[in-house]
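Engineer: Residue numbers (full-length UniProt numbering), protein chains in the order written: chain A, 1 to 412; chain B, 1 to 412.
1. Going along the chain, which unbroken runs of the alpha helix (DSSP H) with 4 or more residues stay wholly within the segment 15-101 of chain A?
2. By the criterion of Cβ-Cβ separation under 9 Å, what are the contact partners of residue 145(A) in chain B?
3. Quick check on residue 347(B): does DSSP put it in helix, strand or coil?
4. I'd like to know if residue 383(A) contacts chain B, where contact means its C-beta is closer than 8 Å to some C-beta of that chain.
5. What in chain A is Cβ-close to residue 213(B), meaning under 8 Å?
6. Report all residues from its chain with a CB closer than 6 Å to the CB of residue 14(A); omit the five preceding and five following residues, and keep chain order.
7. Tell me, which residues are paired with residue 483(B) by DSSP?
8. So with Cβ pairs under 8 Å, would you call residue 239(A) a contact of chain B?
9. Nearest chain B C-beta to residue 24(A) closer than 8 Å, yes or no?
10. Please report how far the alpha carbon of residue 17(B) lies from the alpha carbon of residue 202(B), in whole angstroms.
11. I'd like the span of the alpha helix (DSSP H) that includes residue 244(B), first residue to last.
12. Can you tell me which of 153(A), 289(A) and 284(A) puts its alpha carbon nearest to the alpha carbon of residue 326(A)?
13. Does residue 57(A) come within less than 8 Å of chain B when only Cβ atoms are used?
14. Among 260(A), 132(A), 191(A) and 22(A), which has the Cα closest to the Cα of residue 94(A)?
15. From the DSSP output, in three-state form, read off residue 333(A) for me.
16. Distance, Cα to Cα, residue 157(A) vs residue 293(A)?
17. Whose Cβ in chain B lies nearer than 9 Å to the Cβ of residue 380(A)?
18. Taking CB distances under 8 Å as the criterion, tell me whether residue 273(B) reaches chain A.
19. Return the residue from the list 311(A), 26(A) and 8(A) that minimises the CA-CA distance to residue 385(A).
20. Return no unless some Cβ of chain E is closer than 8 Å to the Cβ of residue 304(B).
21. By the three-class DSSP mapping on this structure, what secondary structure does residue 382(B) have?
22. Leaving out five residues before and five after residue 197(B) in sequence, what residues of the same chain have Cβ atoms less than 6 Å from its Cβ?
23. Using a Cβ-Cβ cutoff of less than 6 Å, which residues in the same chain neighbour residue 163(A) once the five nearest sequence positions on both sides are dropped?
24. According to DSSP, what are the bridge partners of residue 146(A)?
25. Considering only residues of the same chain and omitting the five flanking positions on each side of residue 22(B), which have a CB-CB separation below 7 Å?
26. Buried or exposed for residue 1(B), please, with buried defined as at least 16 other CB atoms from any protein chain shown within 10 angstroms of its CB.
27. Near residue 239(B), which residues of its chain fall below 7 Å by C-beta distance, leaving aside the five closest residues on each side in sequence?
28. Are the segment 230-249 of chain B and the segment 364-382 of chain B in contact at 8 Å, needing three or more beta carbon pairs?
29. Can you pull out the residues from the segment 183-203 of chain B whose beta carbon lies closer than 7 Å to at least one beta carbon of chain A?
30. For the segment 288-326 of chain A, list the alpha helix (DSSP H) runs that are entirely contained and at least 4 residues long, ordered along the chain.
31. Using 10 angstroms around the beta-carbon of residue 411(B), count the other beta-carbons present and answer buried if the total reaches 16, otherwise exposed.
32. Do the segment 355-365 of chain A and the segment 169-177 of chain A make contact, defined as three or more Cβ pairs closer than 8 Å?
33. Could you check what DSSP says for residue 235(B) in three-state terms: helix, strand or coil?
34. What residues in the segment 251-279 of chain A bring their beta carbon closer than 9 Å to a beta carbon of chain B?
35. Using the DSSP secondary-structure output, state which residues sit across from residue 161(A) in a beta bridge.
36. Output the boundary residues of the alpha helix (DSSP H) element that contains residue 362(A).
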């Protein structure tokens with residue numbers, strides 16, 4: 001037996017949230033701790049209070065609300081995602097998982113269903129990591145992966161401190177930013193952000209784990225000279241060394257694994273003038289794969305390529321680790337609940353690894369966890385063209401709701 | 001017979017000007033139309049008035065002062081350079097040529113030498129092109145290469161208009177910014193900004209011409225996707241295409257000519273985030289060579305490489321011309337005067353092409369022109385490490401002075 005959520009209200013709620021920080025291009029610009037973030041948090045608070053729920057805000061701005069269960073000793077099931085967006089990102093990334101959780105709570109209220117375990121909705125602070133780093137900051141602090149005070153001191157590119165911006169938008173709460181008890185499970189609905197579900201013509205992804213990744217950066221130090229009178233053999237061009245490595249990073253994944261990816265997303269060139277040979281170039285690099293060994297090999301290849309490029313061009317170099325995330329295998333209990341819900345609902349589905357990091361990856365270190373994926377058209381995300389049909393959004397939300405119900409009221 | 005300038009006074013004057021806008025790192029930060037530029041212009045005015053000369057300032061801020069000759073019908077010889085600097089540039093670039101010209105005038109006064117032709121000193125406005133573009137702006141307007149009113153409207157990166165800044169520092173003069181008569185010749189002393197004189201162990205460069213250059217830019221348009229879940233074969237990465245071209249531009253000069261150079265100095269990556277595949281990358285490129293044919297071939301290679309790189313990566317692309325400067329061959333009359341002066345003075349010298357653009361390149365389109373080069377240690381310029389020994393500075397200034405005398409009072 002499945003409990004259907006209200007499709008029309010669900011779609012209307014998705015559209016409503018998309019207006020807060022909505023862009024002319026049909027996307028969303030709702031950076032963490034911005035005015036738009038405050039507005040959408042206020043909006044979520046209103047929705048939850050309309051359901052008679054009390055919103056708890058922790059010291060790091062993470063928002064929770066609990067609908068009690070029938071068993072006072074039962075551990076809660078946590079359901080949610082994040083409401084912040086990338087700069088000029090899409091309207092589904094994050095919001096789908098929070099709206100899905102909200103619709104679950106509304107449906108339980110409509111249908112007067114009492115679950116055995118409490119169900120708790122969560123909106124994590126700064127999942128995207130585009131304004132303040134690292135990504136998944138709120139869930140990372142909550143599970144103890146990051147230190148609260150250190151994360152308070154992170155700054156955006158204008159030098160604004162996280163903690164000041166959190167205060168400014170009025171979401172520095174009193175509740176300690178850490179679990180107050182054991183949790184039965186955590187579930188998160190999210191768009192896939194890759195093309196596999198669409199390629200395989202599936203509506204629902206049953207997420208079995210998250211690939212590991214390694215982010216690093218290499219900086220090359222050459223010599224800034226006038227681009228005219230400096231002969232080619234006199235040059236130590238930091239940008240040429242960086243270009244060498246960018247080219248290699250395009251190639252490395254194809255030598256390692258079918259699902260290995262490697263990316264250079266960020267380059268900073270100094271002095272960045274048409275007429276001066278660049279003397280300092282920093283480039284980031286990142287690799288992902290379901291196998292931690294493969295990720296480690298890729299990282300070693302990037303460092304080795306940096307060294308070779310520096311030697312070829314006669315420049316100094318250094319590299320640094322930016323972030324490392326081990327691959328995650330989600331708990332069978334939660335994967336089975338998602339699988340069972342999708343099957344019961346009759347949705348075409350397949351098991352899939354997540355290529356992106358998610359708050360759920362953090363939570364899996366603390367309690368049993370899984371995720372539901374909705375297909376992303378053409379695999380696009382993190383831009384205004386991000387698109388998932390309302391039909392697929394609905395199927396994802398319905399799968400989430402029924403997977404949560406399977407855990408919150410177990411059938412003996 | 002040669003007339004020597006006063007070495008001690010010359011060095012002291014170089015040191016004096018270097019204090020105006022001098023940096024802690026021993027360099028010079030004296031951007032065009034800044035407060036420091038006003039101060040050094042006021043200082044130059046004082047020096048010239050002390051010699052009993054009248055300073056003329058034209059509508060574009062170019063400064064002139066004339067010491068009359070004995071023949072009222074003889075055309076003047078123009079001698080000078082520029083007093084503006086690069087951001088945190090060196091103390092020799094430009095200033096050496098103005099101080100050399102000033103010492104020439106002082107020496108003539110000391111020695112009570114009357115030349116046949118008048119000698120005119122000039123300080124050109126905004127040679128560097130770092131605050132307002134294009135470079136060599138003042139001499140370009142003066143010879144009619146650029147339109148005065150258009151150049152007035154150029155802005156710095158804070159949006160300040162050229163004409164407003166020129167008014168602000170009090171150097172928008174009344175004299176039309178164009179030649180009021182024919183000129184007999186123009187001579188400019190400058191540091192080499194390249195390593196050839198030092199490599200060949202020469203103190204003086206007799207400059208026979210200026211290399212031509214072509215500046216362009218290629219922009220690649222790919223697709224911005226999340227760096228995690230997007231498979232490698234799904235990517236259209238604008239930065240990978242740009243890196244391909246940067247690598248090729250390092251190689252192209254070596255296939256074309258001994259003195260061909262090619263540089264990518266500027267790269268802009270959008271959205272420039274560690275976690276997003278870049279969707280728009282603009283890169284500039286530039287080539288220089290004494291042969292305009294070689295420069296044209298290099299430019300065609302850069303465009304062809306851009307096309308190939310775009311095809312390989314499946315991205316769109318376009319390119320645009322930024323600036324083209326034909327190579328210049330200086331007039332035999334002036335080259336011979338510089339050569340003769342250097343030989344008479346007994347200085348080790350060699351004929352050399354200039355790899356950088358100079359005001360003299362503009363002037364050569366209007367009258368017979370040449371330049372004198374002083375060696376740059378390790379070829380460095382446009383930064384605080386720029387260095388030329390006082391001995392070499394002095395030899396350059398003495399060569400300039402005596403070359404000017406050879407033209408201003410021709411020996412039958």
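Glycine residues also receive a C-beta, built at the ideal position from the N, C-alpha and C atoms.
Structural biologist: Reading from the atomic positions:
1. Here the runs fully enclosed are 35-50.
2. The premise fails here: residue 145(A) is roughly 18 Å from chain B at the closest Cβ pair, so nothing lies under 9 Å.
3. In the structure shown, residue 347(B) sits in coil (DSSP, three-state: anything other than H, G, I, E or B).
4. Taking Cβ atoms only, chain B reaches closer than 8 Å to residue 383(A), which makes this a yes.
5. The contacting residues are 228.
6. Result list for residue 14(A): 99, in chain order.
7. Residue numbering for chain B in the displayed model covers 1 to 412; residue 483(B) lies beyond these limits and cannot be assessed.
8. Output row for residue 239(A): interface = yes.
9. Chain B, which has no Cβ nearer than 8 Å to the Cβ of residue 24(A), makes this no.
10. Spanning the two alpha carbons is a distance of roughly 26 Å.
11. Here the alpha helix (DSSP H) through residue 244(B) covers 238-251.
12. Residue 326(A) has its Cα closest to that of 289(A), out of 153(A), 289(A) and 284(A).
13. For residue 57(A), the answer is no, since every Cβ of chain B falls outside 8 Å of its Cβ.
14. Answer by Cα proximity: 191(A).
15. In the structure shown, residue 333(A) sits in a helix (DSSP, three-state: H, G or I).
16. Roughly 34 Å between the two C-alpha positions.
17. Neighbours of residue 380(A) on chain B, chain order: 223, 224, 225, 226 and 230.
18. Yes, residue 273(B) lies at the interface with chain A (some Cβ there is under 8 Å from its Cβ).
19. Considering only 311(A), 26(A) and 8(A), the residue with the shortest C-alpha distance to residue 385(A) is 26(A).
20. As a matter of chain content, chain E is missing from the structure shown, whose protein chains are A and B.
21. DSSP places residue 382(B) in coil when its eight states are reduced to three.
22. Beyond the five residues adjoining it in sequence on each side, residue 197(B) comes within less than 6 Å, by CB distance, of 205 and 375 in the same chain, given in chain order.
23. By the criterion of a C-beta distance shorter than 6 Å, residue 163(A) is surrounded in its chain by 152, once the five residues flanking it on both sides are discounted.
24. DSSP lists no partner for residue 146(A).
25. If the five residues before and after residue 22(B) are omitted, its C-beta is found closer than 7 Å to the C-beta atoms of 28, all from its own chain and listed in chain order.
26. With fewer than 16 neighbouring CB atoms inside 10 Å of its own CB, residue 1(B) falls in the exposed class.
27. 269, 278 and 281.
28. No, the segment 230-249 of chain B is not in contact with the segment 364-382 of chain B.
29. Result list: 192, 193, 194 and 195.
30. As far as the segment 288-326 of chain A is concerned, its whole alpha helix (DSSP H) runs of at least 4 residues are 292-313.
31. Result: exposed.
32. Proximity of the segment 355-365 of chain A to the segment 169-177 of chain A falls short of the contact definition, fewer than three beta-carbon pairs being nearer than 8 Å.
33. In the three-state reduction of the DSSP assignment, residue 235(B) falls in the coil class.
34. Cβ contacts with chain B: 253, 254, 258, 259, 260, 261, 262, 263, 264, 265, 266, 267, 268, 269, 271, 272, 273, 274, 275, 276, 277, 278 and 279.
35. The beta-bridge partner set that DSSP reports for residue 161(A) consists of 155(A).
36. Residue 362(A): member of the alpha helix (DSSP H) spanning 359-363, first to last residue.
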